[in-house]
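Enquirer:
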Amino acid sequence: MTPAEKIPLLHVAFSMKFPSPKSELRYDTPFQLLIATIMAAQSTDRKVNEINQTLFSICPDAVSMAATDLNTIRDTIKSINYYNNKAKNIHTVSKILLTEHGGTVPSTREELERLPGVGRKTANVVLANAFGQPVMAVDTHVQRVSNRIGLCSTTTPRETEDELIAIIPPGQVADFHHYLLLHGRYTCKARKPECETCPVTHVCDTYKSEK
DNA sequence: AACTCGGGGCA
DNA sequence: TGCCCAGAGTT
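Take the first sequence: its position 132, counted from the start at 1, is 132 in the UniProt record's numbering, and no numbers get skipped.
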């Protein structure tokens, strides 16, 4: 079965497993999505989501975050303040949005990647989920799942991006991301994948070859 | 494209 | 405690 042929089957199976596919990635604004994605880097989701609740209640947009004292931000997110840089980064990002982008989140990769703490993966998340652009954010979950199922032919994220882009279900970039991400996080885990509860073993090259 | 970096989950 | 992981930044 080719990767493209697997897509409809994946979609059906994952739709049942993850009935509200957009819930976790749905933030009110592009700004909150951007900040939440920066926050998510190298952190666990549960903790990040809790912190974001508080963070966004204090500063829901670029204007208020830029005006918030750095120490307040530091204190709010301190349990995931990776390298002690994250607070500084999101503070700086909000100020740059104000001074260089009229208070909005830019919609090109070049502009996004110029922001501190924003790399290719975060940029792609924003492009796909806030602006609906047909790009794929390939993190380690998506890479691993794609390799195991057989949706891509290399372990190089940059090449995997292009192979996945070619088979994105039309109009469903966000869902596609979400399925692959959650599946990798909760079922197709790096250490001990839980094939017993996996909804897509019938499409999975690795499962079939190891069976 | 490969390497570095070092907090946090988990065994 | 020690191994492994996550992605941005660097080379």
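Glycine is no exception: its CB is placed at the ideal position from the N, C-alpha and C atoms.
Keep in mind it's a predicted model, so treat the numbers as computed, not measured.
(1) Here's a check: name, in chain order, each residue in its chain whose Cβ is nearer than 6 Å to the Cβ of C59, leaving out the five neighbours to either side.
(2) Whose CA, out of A130, A128, L127, T156, lies closest to the CA of H141?
(3) Assuming contact is defined by CB atoms lying nearer than 7 Å, are Q53 and Y82 in contact in what I supplied?
(4) For the alpha helix (DSSP H) that contains A62, what are its first and last residues?
(5) Ignore the nearest five residues each way along the sequence and tell me which others in L34's own chain have a CB closer than 6 Å to its CB.
(6) I need the straight-line Cα distance from D139 to K17, nearest angstrom please.
(7) Verify whether the separation of the beta carbon atoms of P199 and A62 is less than 7 Å.
(8) Would you call the CB atoms of A123 and E113 closer than 7 Å?
(9) Considering I149, what are the terminal residues of the alpha helix (DSSP H) in which it resides?
(10) Any idea what DSSP makes of Y207, helix, strand or coil?
(11) Classify S23 as helix, strand or coil using the three-state DSSP reduction.
(12) So, is L55 buried or exposed, given that buried needs 16 or more other C-beta atoms within 10 angstroms?
(13) Roughly how many angstroms separate the alpha carbons of R46 and T72, rounded to a whole number?
Expert: The relevant details are as follows:
(1) M65, T68.
(2) Ranking the options by Cα distance to H141, first place goes to T156.
(3) With respect to Y82, Q53 sits apart: the two C-beta atoms are not nearer than 7 Å.
(4) Under the DSSP assignment, A62 falls in the alpha helix (DSSP H) whose first and last residues are 62 to 67.
(5) Closer than 6 Å at the Cβ level, and outside the excluded window around L34, lie V105, V126.
(6) Here the alpha carbon of D139 sits roughly 21 Å from the alpha carbon of K17.
(7) For P199 and A62, no; Cβs fall outside 7 Å.
(8) Yes. Within cutoff.
(9) 140 to 149 is the span of the alpha helix (DSSP H), which, as asked, contains I149.
(10) Y207 sits in a helix when the DSSP states are folded into three classes.
(11) Because S23 sits at a pLDDT of 49, beneath the cut-off of 50, its placement in the model cannot be relied upon, and the point is left open.
(12) Answer is buried; the Cβ neighbour count reaches 16.
(13) Roughly 21 Å separates the two Cα atoms.
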